[in-house]
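Student: Have a look at the structure that comes next, please.
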Amino acid sequence: MAYSHSRIMILLFLLSLGTASEEKKTTYIVQVQQEAKPSIFPTHRHWYQSSLALADSTASILHTYQTVFHGFSARLSPAEANRLQSLSHVISLIPEQLRQLHTTRSPQFLGLNTADRAGLLKETDFGSDLVIGVIDTGISPESQSFNDRHLALPPPKWKGHCVAAKDFPPTSCNRKLIGARYFCAGYEATNGKMNDTLESRSPRDSDGHGTHTASIAAGRYVFPASTMGYAKGMAAGMAPKARLAVYKVCWNAGCYDSDILAAFDAAVADGVDVVSLSVGGVVVPYHLDVIAVGAFGASEAGVFVSASAGNGGPGGLTVTNVAPWVTTVGAGTIDRDFPADVVLGNGKVIGGMSVYGGPGLTPGRLYPLVYAGSDGYSSSLCLEDSLDPKSVRGKIVVCERGVNSRAAKGQVVKKAGGVGMVLTNGPLDGEGLVADCQVLPATSVGAEGGDELRRYMAFAAQLRTPATATIIFKGTRLGIKPAPKVASFSARGPNPESPEILKPDVIAPGLNILAAWPSTLSPSGLPSDERRSQFNILSGTSMACPHVSGLAALLKAAHPDWSPAAIRSALITTAYTLDNGGGPLLDESNANVSSVFDHGAGHVHPDKAINPGLVYDISTYDYVDFLCNSNYTSHNIRVITRKAAVCSGARSAGHSGNLNYPSLAAVFQQYGKQHMSTHFIRTLTNVGDPNSLYKVTVAPPPGTEVTVVPDTLAFRRLGQKLNFLVRVQTRAVKLSPGTSTVKTGSIVWSDAKHTVTSPLVVTMQQPL
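Going left to right, the sequence shown walks through residues -20 to -1, 1 to 748 as mature numbering (1 follows the signal peptide of the UniProt record, and there is no 0) numbers them.
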């Protein structure tokens, strides 16, 4: 494309007259050939704006990207996008996706204790030279979880900034919170200028989610900590001395891709060591997934990226953030809960959970019990203005989950005159319970408990006697067994985009987690709630993700030379799959034994992860080979990696399952074949003892024959790499068209000191 000053000036003049199409516009992330910038342009922004001019577009540039991605974002009509795509230096246009947030005792539950003299916290000085970048809703800097007592100056490598604003003065940052930025151009391009009375145009957190996740990752020790009198004790993050940098990208309407990519770009340029992202959306191919693209650039720069798996469980194929260069974190329970039981008029007790902290119901008194759904769908869900005050005044109201928030349902009941609420799970929610900070006496019960309630009320109606109940709040209960379980809401595999890559990778604490909270917000999140608390209890894979982010910072502090893949490998191969009662991990939604698609490799085990013995490392070139073998085109691979890719060598070397991932997954399409086989090639790197002999133990998935060659690996030095081959053979099984069956096993390498465990998953599919 030939450029000249005169042509550019003419085009810019035409644009000033308003020649652009009035078609409906979409935000695109535009990738360009970085090396193609003509010297006449002083900056890339000038060049990008001229590119828009050449495409006859009046669009303004929202963000420019130069670290994890090369290009810019702009809001374009379809015609403008087509013209821009035709320019020779434009590689790709990625349509923006709207993402959503995946909304004390957990460090102790994980084995991280300040009294330990030789554990992970001690060995890493709590991660004081590491920087965790949290991409979320911002931060409340006044929280004591972010104090900088006894912290030295930020590490010399740090290049970030504290962006001041009206409600976020420069003094908001300190030696703990060393960076704070916000990105809203993508949000405002779609929604118009934000309402500054409802949210803060600054790094300040006006939601609470970002403050909570940041303190889970790296909050300082704070005592006493509790919310509404529950979970009393000491609050602490995973890496209490690690530095924090926050990148606010999520606003009232959600989190926009163009802003998320800008945050990735800034975080890596600033010098973070870990990116924590508790945000997700629809799974799409990696070259159309801005989180995958940004995370690849971060990983290539040596930055560990952990992301939440999503809250779409317990259904299958719900896991998000599935790229193999991202560590995908599901949620588990911990050994603490907050029982609040429903006592029915017939004497039966239904177990529930709540963190209600206000005046309780009168002891010894039973209250009339009413099911809101008798008036229709809206009332069954206790939606705004759906309840008839005449029907619910002075009664405990039974509401169902769905549509509006759980706390909002309580507010609807209270506004209509109800004295209490029982919130019931639906069949898809199962038995998993989430504790909420309600505005009236309320508790949540499982799907079976909800059915029991409705049967009791129906029977009472038949007898023409009033149904009655009360709620008894029992405070905080510790030492719960069995724990952990896979949280009911935690998203499940298999991986929708790459079935050969097991996702989620691991689970971490994500149910009813106490962490910092903005003092300007109510614990229920409702504007009408005037209560305030320095801490709050939230649940979600959003809470599980920063646990792993903090642990990754500690591992990086202990092993500065480890790559992001090595850190992920250490977490995966040392994860455990037995609960505190000695049994297999259970699925909270149905009390059945959980599967690898539920818990991945298992629950993280920090003190074992620091010394895994061996790791499965992965280079950028390995990821390129994986993409080639996953049938991505050279063009689409370039979108992800920013480099031209030649796939001929990769495809001759094997298949996508040969990525040096710590877990192994084989998918067999039967197609009438009776005998099927595949192989995996893996490489282990010695990070344990210089002279060590590892022997393999194979637990083959039922119905398969698994061989490992060689069955012994003799390492002579640190950093040495040795290969092995796994061959999996199986016979066809009887399946109906369109169905599948999954069998699991493991491959374990062990010496006298270390145990390196890899899940092995075999899926048999009968095509339609």
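Using N, Cα and C, we set each Cβ at its ideal position, and we do this for glycine too.
Small disclaimer: the values here were computed from a predicted structure and weren't measured.
What does Ala495 pair with, by DSSP beta-bridge criteria?
Tutor: Its beta-bridge partners are Asn516.
Student: For the alpha helix (DSSP H) that contains Trp27, what are its first and last residues?
Tutor: Element bounds for Trp27: 24 to 34.
Student: Under 7 angstroms, do Glu76 and Asp237 count as touching if we go by C-beta distance?
Tutor: Cβ atoms of Glu76 and Asp237: closer than 7 angstroms.
Student: Based on Cα-Cα distance, which residue from Gly382, Gly563, Pro484 lies nearest to Pro464?
Tutor: That would be Gly563, whose Cα lies nearest to the Cα of Pro464.
Student: In angstroms with no decimal places, state the Cα-to-Cα distance between Ala532 and Lys701.
Tutor: Taking the straight line from one Cα to the other gives about 23 angstroms.
Student: With DSSP run on the structure shown, which of helix, strand or coil describes Phe21?
Tutor: Correct three-state label for Phe21: coil.
Student: Could you check how far apart the C-beta atoms of Ile158 and Ala249 are, in whole angstroms? I think they sit under 8 angstroms.
Tutor: 14 angstroms between Cβ atoms; not a contact.
Student: Hey, would you say Gly412 sits closer than 7 angstroms to Glu568, going by beta carbons?
Tutor: It is a contact, given that the beta carbons lie within the stated cut-off.
Student: Compute the distance between the beta-carbons of Ser288 and His82, then report whether it is under 7 angstroms.
Tutor: Taking 7 angstroms as the Cβ cut-off, Ser288 and His82 qualify as a contacting pair.
Student: Sorted by chain position, which residues of the same chain lie with C-beta nearer than 6 angstroms to Tyr636's C-beta, five sequence neighbours on each side aside?
Tutor: The identity of residue 636 in the sequence shown is Ser, whereas the question assumes Tyr. For Ser636, where only same-chain residues beyond five positions count, the Cβ hits under 6 angstroms are Glu480, Phe606, Asn609, Ser610.
Student: Please return the same chain residues whose Cβ sits closer than 6 angstroms to the Cβ of Pro135, not counting the five positions on each side in sequence.
Tutor: The answer, listed in chain order, is Asp109.
Student: Ends of the alpha helix (DSSP H) at Met656?
Tutor: No alpha helix (DSSP H) holds Met656; the beta strand (DSSP E) holding it covers 655 to 666.
Student: Tell me, which residues are paired with Asn703 by DSSP?
Tutor: According to DSSP, which records beta bridges pairwise, Asn703 is partnered with Thr663.
Student: Per DSSP, Asn384 is paired with what?
Tutor: Partner(s): Gly382.
Student: Go ahead and label Arg97 buried or exposed: buried means 16 or more other beta carbons lie within 10 angstroms of its beta carbon, across all protein chains shown.
Tutor: The pLDDT assigned to Arg97 is 44, lower than 50, so where the model puts this residue is not dependable, and the model offers no usable value.
Student: Check whether the Cβ atoms of Thr710 and Thr684 sit closer than 7 angstroms, and answer yes or no.
Tutor: Contact: yes.
Student: Measuring CA to CA, which of Tyr556, Gln418, Gln442, Asn516 is closest to Val486?
Tutor: Nearest C-alpha to Val486: Tyr556.
Student: Do the CB positions of Thr193 and Asp116 come within less than 7 angstroms of each other?
Tutor: Going by C-beta atoms, Thr193 is nearer than 7 angstroms to Asp116.
Student: If Ala311 and Met523 are in contact, beta carbons under 8 angstroms, what's the gap, nearest whole angstrom?
Tutor: Indeed, because the Cβ distance is near 7 angstroms, the residues count as touching under 8 angstroms.
Student: Tell me whether the beta-carbon of Leu42 lies closer than 7 angstroms to the beta-carbon of Ser53.
Tutor: Yes. Within cutoff.
Student: Which residue from Thr308, Ala646, Gly718, Ala538 puts its Cα closest to that of Gly260?
Tutor: Taking only the C-alpha atoms, the option nearest Gly260 is Thr308.
Student: Distance check for Gln11 and Val70, CA to CA, integer angstroms please.
Tutor: Looking at the two C-alpha atoms, the distance is approximately 6 angstroms.
Student: Going by DSSP in three states, Leu458 sits in which element: helix, strand or coil?
Tutor: Residue state, collapsed to three classes: strand.
Student: For the alpha helix (DSSP H) that contains Arg548, what are its first and last residues?
Tutor: Note, Arg548: alpha helix (DSSP H), 544 to 553.
Student: Please classify Glu3 as buried or exposed, where buried requires at least 16 other C-beta atoms within 10 Å of its C-beta.
Tutor: With fewer than 16 Cβ atoms within 10 Å of its Cβ, Glu3 is classed as exposed.
Student: Alpha carbon to alpha carbon, how far is Arg63 from Pro489? Give it in angstroms, no decimals.
Tutor: Rounded to whole angstroms, Pro489 to Arg63 spans 48 angstroms at the Cα level.
Student: Label Ile20 either buried or exposed according to how many other C-beta atoms from any shown protein chain fall within 10 Å of its C-beta, with 16 as the threshold for buried.
Tutor: Looking at its Cβ environment, which holds fewer than 16 other Cβ atoms inside 10 Å, Ile20 is exposed.
Student: If you draw a straight line from the alpha carbon of Glu280 to that of Thr177, how long is it in whole angstroms?
Tutor: If you take the alpha carbons of Glu280 and Thr177, they lie about 40 angstroms apart.
Student: Trp231 bridges to which residues according to DSSP?
Tutor: BP columns for Trp231 point to Gly234.
Student: What do you reckon, are the CB atoms on Thr210 and Val335 nearer than 7 angstroms?
Tutor: The sequence shown places Tyr at residue 210, rather than the Thr named in the question. Taking 7 angstroms as the Cβ cut-off, Tyr210 and Val335 qualify as a contacting pair.
Student: Looking at the unbroken alpha helix (DSSP H) that takes in His192, where does it start and where does it end?
Tutor: 189 to 198 is the extent of the alpha helix (DSSP H) around His192.
Student: Can the beta-carbon of Leu584 be found less than 7 angstroms from the beta-carbon of Leu551?
Tutor: Per the sequence presented here, residue 584 reads as Val, with Leu not at that position. In contact: Val584 and Leu551 (Cβ atoms closer than 7 angstroms).
Student: Pick from Phe704, Ala571, Ala415, Ala471: whose alpha carbon is nearest that of Thr207?
Tutor: It is Ala415 whose Cα lies nearest to the Cα of Thr207.
Student: Locate the beta strand (DSSP E) running through Arg55, then write down its first and last residues.
Tutor: Counting along the chain, the beta strand (DSSP E) containing Arg55 begins and ends at 51 to 56.
Student: Checking the sheet assignment: what are the DSSP bridge partners for Ile115?
Tutor: In the DSSP output, where bridge partners are listed per residue, Ile115 has Tyr227, Leu257.
Student: Does the Cβ of Pro682 have 16 or more other Cβ atoms within 10 Å, making it buried, or fewer, making it exposed?
Tutor: Looking at its Cβ environment, which holds fewer than 16 other Cβ atoms inside 10 Å, Pro682 is exposed.
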